[in-house]
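K.L.:
For reference, the structure I am asking about is given below.
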Amino acid sequence: MPTTTVTTARTAKEKRAELKRLGFFHVTGLTWIDALQDEEGEIQAPSHQLCHWGNNAKWTVAVLENGEVWLMYGEPDDEIWAILRKLCPRGRGAFVPCDDDRTIYPEHAAARFRDPYYSGHADPTPRPR
7 MPTTTVTTAR
17 TAKEKRAELK
27 RLGFFHVTGL
37 TWIDALQDEE
47 GEIQAPSHQL
57 CHWGNNAKWT
67 VAVLENGEVW
77 LMYGEPDDEI
87 WAILRKLCPR
97 GRGAFVPCDD
107 DRTIYPEHAA
117 ARFRDPYYSG
127 HADPTPRPR
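Positions in the sequence shown are counted from 1; adding 6 to them yields the working numbering.
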C-alpha cells in the first residue's frame, strides 16, 4: 500500500512526463478562486487524500503518493482511467480544486504547463493541511 505521508520529494521524471502527455498539469500550491463566493484558497491535499483521484465538472484531479496535486480538463478516456488506477490505487475521494464555480488563474496554469515546478506564483511543495 502507498505511503500516507506527504513528502517534499518530487514526482519521478517518468511519471511527470506521462501525466503531462495525458494533459495533466501540477497545481500544488496554486490559488483557487471562487468569484461567486468571493473566496480563495491554496491547493494542497490533506494526507487522507493521498493516492486518490477525483472528477467533477469535466475536471479530473490526481493526488499522488507524495502529496502533489495534478489536474486536467476534459473527459478521461480509457487510457487515462488506467493510469489513474495505477497512480491513485485508493480510488475516488480527492477534492477537485476546479469546478463550475472555482478556477485557478490562467497565467499560473500556463506557467505550470511549461514547468511543473515553476514557483513564480506559488510554492509547488506539498504541505499537509
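The beta-carbon is built from N, C-alpha and C at its ideal position, and this holds for glycine as well.
Would you give the residue range spanned by the beta strand (DSSP E) that L77 belongs to?
P.N.:
Per DSSP, L77 belongs to the beta strand (DSSP E) from V75 to Y79.
K.L.:
Leaving out the 5 sequence neighbours to the left and right, which residues in its chain are closer than 6 angstroms to V33 when beta-carbon positions are compared?
P.N.:
Result list for V33: I49, V75 and L77, in chain order.
K.L.:
Is the Cβ-Cβ distance between Y123 and R27 less than 8 angstroms?
P.N.:
No, the pair does not count as a contact, with Cβ atoms beyond the cut-off.
K.L.:
Between R22 and the rest of its own chain, which residues show a CB-CB distance below 7 angstroms, the 5 nearest in sequence each way excluded?
P.N.:
Taken in chain order, the residues that qualify are P122.
K.L.:
Quick check on the DSSP output: the beta strand (DSSP E) that includes E45 runs from which residue to which?
P.N.:
Taken as a continuous stretch (DSSP letters only), the beta strand (DSSP E) holding E45 covers E45 to E48.
K.L.:
Let me know if H58 comes out buried or exposed under the rule of 16 or more other beta-carbons within 10 Å of its beta-carbon.
P.N.:
Buried, because 16 or more other Cβ atoms sit within 10 Å of the Cβ of H58.
K.L.:
According to DSSP, simplified to helix, strand and coil, what is H114?
P.N.:
Here H114 sits in helix by DSSP.
K.L.:
Roughly how many whole angstroms lie between the Cα atoms of R4 and L42?
P.N.:
Nothing about residue 4 can be read from this structure; the chain reaches only from 7 to 135.
K.L.:
Buried or exposed: which applies to A68, given that a residue is buried once 16 or more other Cβ atoms fall within 10 Å of its Cβ?
P.N.:
Per the 10 Å Cβ criterion, buried.
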